[in-house]
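In my numbering, the protein residues as written are 5 to 270. Structure record follows, encoded as structure tokens.
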């Protein structure tokens, strides 16, 4: 389509570029999803690993207890069940689609950045690229923290908890997958705290002095959030979850402080 008289891209050309980016993103997502669907065994070996007592988190926790001369966690065995005729196929399909989203996310972010970057100044493009990359990395780190620490400890506690010996736990795979995805999303969002803090600092609505003044309040909120995410009753697990979130808060304070200084010098 032709350009406008002043050399700028017309509205319909913007739509064509956006449509092409969306089509490419959907195509890449579909390819990754199909690959994940085909490699079912490898996909669910990874997804279902935290339910096994020999998962790396439980083994490391056992080594830590042995080093501290404490009783190691008892071995456990939780068998997942299926309660619907087509449920396993649907869960397989949903899990493959979710894996496709995670794998295709870098390409999707690249397409989004390629669409908006022509309308940005050079310094704005630099900030936008850093924002997109750091946001994705922090989300993946949060999801990994949930997969390796928070979800395994939560599953071990809730999966083996019994109100009486004659009341057996029969956990459905649907419950397992929904809890895993929910916790991963929650921790992924929580780990965006430094990125969100940087954005707020750039907008002038957040200062390091404010965050330092309300640090005690933030610690209380962090402990409450950690207690909600991990329903276990021991202080060790609570600290295991709350300390990384507190570190994220302190990192956010430093990021905001650095951003405030740069804005004051500008």
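Glycine is no exception: its CB is placed at the ideal position from the N, C-alpha and C atoms. Please read these numbers as outputs of a predicted model, since none were measured by experiment.
In the DSSP output, what is residue i paired with across the bridge?
| i | result |
| --- | --- |
| residue 176 | 85 |
Out of the options, which has the shortest C-alpha to C-alpha gap to residue i?
| i | options | result |
| --- | --- | --- |
| residue 224 | 53, 209 and 247 | 247 |
| residue 84 | 107, 52, 97 and 185 | 52 |
| residue 272 | 113, 59 and 194 | No answer is possible for residue 272: the residues shown for the chain start at 5 and end at 270. |
| residue 232 | 186, 203, 144 and 197 | 186 |
| residue 266 | 206, 228, 244 and 222 | 206 |
| residue 115 | 227, 192, 218 and 27 | 27 |
| residue 140 | 75, 43 and 106 | 106 |
| residue 82 | 263, 173 and 182 | 173 |
| residue 145 | 16, 190, 120 and 243 | 190 |
| residue 182 | 262, 95 and 57 | 95 |
| residue 80 | 74, 57 and 87 | 57 |
| residue 41 | 103, 262, 163 and 18 | 103 |
| residue 201 | 169, 136, 257 and 228 | 257 |
| residue 18 | 50, 184, 123 and 68 | 123 |
| residue 43 | 97, 218, 228 and 136 | 97 |
Check whether the Cβ atoms of residue i and residue j sit closer than 8 Å, and answer yes or no.
| i | j | result |
| --- | --- | --- |
| residue 47 | residue 100 | yes |
| residue 230 | residue 188 | no |
| residue 24 | residue 118 | no |
| residue 226 | residue 203 | no |
| residue 234 | residue 154 | yes |
| residue 253 | residue 210 | no |
| residue 55 | residue 180 | yes |
| residue 87 | residue 14 | no |
| residue 195 | residue 143 | yes |
| residue 215 | residue 260 | yes |
| residue 199 | residue 138 | yes |
| residue 70 | residue 77 | no |
Within 8 Å (strictly less), CB to CB, does residue i reach chain D?
| i | result |
| --- | --- |
| residue 126 | Among the chains of the structure shown, chain D does not appear; only one protein chain is present. |
In or out: residue i buried (at least 16 other Cβ within 10 Å) or exposed?
| i | result |
| --- | --- |
| residue 241 | buried |
| residue 36 | buried |
| residue 38 | exposed |
| residue 163 | buried |
| residue 121 | exposed |
| residue 150 | buried |
| residue 255 | exposed |
| residue 72 | exposed |
| residue 126 | exposed |
| residue 263 | buried |
| residue 34 | exposed |
| residue 184 | buried |
| residue 245 | buried |
Indicate, with yes or no, if the ligand ADP has a heavy atom lying under 7 Å from the CB of residue i.
| i | result |
| --- | --- |
| residue 199 | For the structure depicted, the ligand ADP is absent and the ligand set is empty, with no information on it obtainable. |
Query - Inter-stretch contact (C-beta, 8 Å, three-pair minimum) for the segment 118-131 and the segment 143-163 - result: No, the segment 118-131 does not touch the segment 143-163.
**Report entry** Cβ pair count under 8 Å reaching 3, the segment 61-68 against the segment 90-99
**Finding:** The count of Cβ pairs closer than 8 Å, one atom from the segment 61-68 and one from the segment 90-99, stays below three, leaving the stretches out of contact.
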